[in-house]
Amino acid sequence: MEERLFPVRNYALAETLRSGQAFRWREVAGRWEGVISERWVRLSQNAGGILAYAPSPGDWVWLVDYLQIEADLDGVLSTFPKDEHMQRAIHECPGLRLLKQEPWETLASFILSSTKQIVQIQQIVQLVCERFGSTIPGSPSKAYTFPTAHRLAELTEHDLRCCKMGFRAPYLHKTARMIDEGAVDLEALRCQSLEEARAELMRFPGVGRKIADCVLLFAYHFEKAFPVDVWILKALRMLYFSKRKPTPQRLLNFTQTYFGPNAGYAQQYLFHYMRTRIGREKR
DNA sequence: GTCCAGGGATTCA
DNA sequence: TGAATCCATGGA
Numbered sequence: 027m028e029e030r031l032f033p034v035r036n037y038a039l040a041e042t043l044r045s046g047q048a049f050r051w052r053e054v055a056g057r058w059e060g061v062i063s064e065r066w067v068r069l070s071q072n073a074g075g076i077l078a079y080a081p082s083p084g085d086w087v088w089l090v091d092y093l094q095i096e097a098d099l100d101g102v103l104s105t106f107p108k109d110e111h112m113q114r115a116i117h118e119c120p121g122l123r124l125l126k127q128e129p130w131e132t133l134a135s136f137i138l139s140s141t142k143q144i145v146q147i148q149q150i151v152q153l154v155c156e157r158f159g160s161t162i163p164g165s166p167s168k169a170y171t172f173p174t175a176h177r178l179a180e181l182t183e184h185d186l187r188c189c190k191m192g193f194r195a196p197y198l199h200k201t202a203r204m205i206d207e208g209a210v211d212l213e214a215l216r217c218q219s220l221e222e223a224r225a226e227l228m229r230f231p232g233v234g235r236k237i238a239d240c241v242l243l244f245a246y247h248f249e250k251a252f253p254v255d256v257w258i259l260k261a262l263r264m265l266y267f268s269k270r271k272p273t274p275q276r277l278l279n280f281t282q283t284y285f286g287p288n289a290g291y292a293q294q295y296l297f298h299y300m301r302t303r304i305g306r307e308k309r
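To convert, take the position in the first sequence, counting from 1, and add 26; that gives this note's numbering.
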């Protein structure tokens, strides 16, 4: 086991890991345990920064990249609109970050996310990993990798349905098969334009605009991708369109222009703001 | 545009 | 404690 302190400032670790972009982090006695690709890791935060603990971590680049430790957050925030709502959203959760996740796991997880609450998505993903992932040797607690597309492709739809994913099972199964057969190359999307990459992702069953944009943002860091779900819809209507009722097309145009070059990052702040503050007040 | 597809967590009475 | 509602939706 090795330990390393990353002296990063302005990083809201707990809020970031809980924010609904990743589904495999577990809080254990104030520390966070998770799996990044093939590696188990435990994270905690103190005044000095983020403390990481992992078996044979090598150069830790995998973690620095995943957590985006070297990202210039202040630079990103400075591109946000200077309106009252965005400034409040930033103030509400200083240090909220976007992670950089592995494309296949992100795609599969968000196919499973449709009309599910975050807690339930976590449960389904955990079941899938326990049943079909590989065990990770050397981790103090039982840990599993996220199963490969090839592994899921050789299962039956029924095997997947048994992980409580319901009608999402055929979507995930067919998507795994398409990737396994090479019909779509997830790595190739990295050098495509946002529009091309989105169109590729939407070829998968169960992937519409919203899920495609989640994958584009959380895995590929297309910084203009702006997933619009019920929370964001609520936020936009309440904060920016309180007087008139916008058409869906008008809302889409707004998300593509108003929030600037880091619209996806702004979306994450809005999402968190809605779920914590307003979400609570409204109830 | 409308309806439907699991089922668990959460809220409410 | 039992019922109602909600849920990072997409497809027919």
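Ideal Cβ placement from N, Cα and C applies to all residues, glycine included. Small disclaimer: the values here were computed from a predicted structure and weren't measured.
Exposure of Glu180 is indicated by the presence of fewer than 16 other C-beta atoms within 10 angstroms of its C-beta. For Lys236, the closest of Leu186, Glu53, Ser140, Leu124 by C-alpha to C-alpha distance is Ser140.
Boundaries cannot be given for Glu180, as no beta strand (DSSP E) includes it and DSSP labels it neither H nor E. Leaving aside the five residues that flank Tyr170 on each side, the residues in its chain whose CB is nearer than 8 angstroms to its CB run, in chain order, Val61, Cys155, Glu156, Gly159, Ser160, Thr161, Ile162. Excluding sequence positions up to five before and after Trp58, its CB lies within less than 6 angstroms of the CB of Leu43, Trp51, Leu69, all in the same chain and listed in chain order. Thr182 sits exposed, since fewer than 16 C-beta atoms from the chains shown fall within 10 Å of its C-beta. When C-beta atoms of the region 252–262 are compared with those of the region 207–216, fewer than three pairs fall below 8 angstroms, so the two segments do not count as touching. Assigned with DSSP and collapsed to three states, Ile95 falls in coil, not helix or strand. The beta carbons of Ala195 and Ala175 sit no closer together than 8 angstroms. Taking the Cα positions, His247 is about 19 angstroms away from Glu41. Assignment of Val145 by DSSP, reduced to helix, strand and coil, places it in the helix class. Separation of Thr302 and Met228 (C-alpha to C-alpha, rounded to the nearest whole angstrom) is 30 angstroms. Between the beta-carbon of Tyr299 and that of Arg114 there is about 7 angstroms, and that keeps the pair under the 8 angstroms contact cut.
The beta-carbon separation of Leu125 and Gln71, rounded to 15 angstroms, does not stay under the 8 angstroms limit for a contact. Taking 8 angstroms as the cut-off, the beta carbon of Lys250 is found closer than this to the beta carbon of Leu220. Distances from the alpha-carbon of Ser63 to those of Leu178, Thr281, Phe172, Pro231 put Phe172 closest. Leu77 and Glu96 have their alpha carbons spaced roughly 15 angstroms apart. The DSSP-derived three-state label of Val67 is strand. The beta carbons of Gln294 and Leu122 sit closer together than 8 angstroms. By the neighbour-count criterion, in which 16 or more other beta carbons inside 10 Å mark a residue as buried, Cys217 falls on the exposed side. Approximately 6 angstroms separates the beta-carbon atoms of Arg65 and Trp88; this is inside 8 angstroms, confirming the contact. Closest by C-alpha distance to Thr132, out of His117, Glu118, Val151, is Val151. In the three-state DSSP reduction, Thr174 falls in the coil class, being neither helix nor strand. The continuous beta strand (DSSP E) containing Ile76 extends over residues 75–80. With fewer than 16 other Cβ atoms inside 10 Å of its own Cβ, Asp100 counts as exposed.
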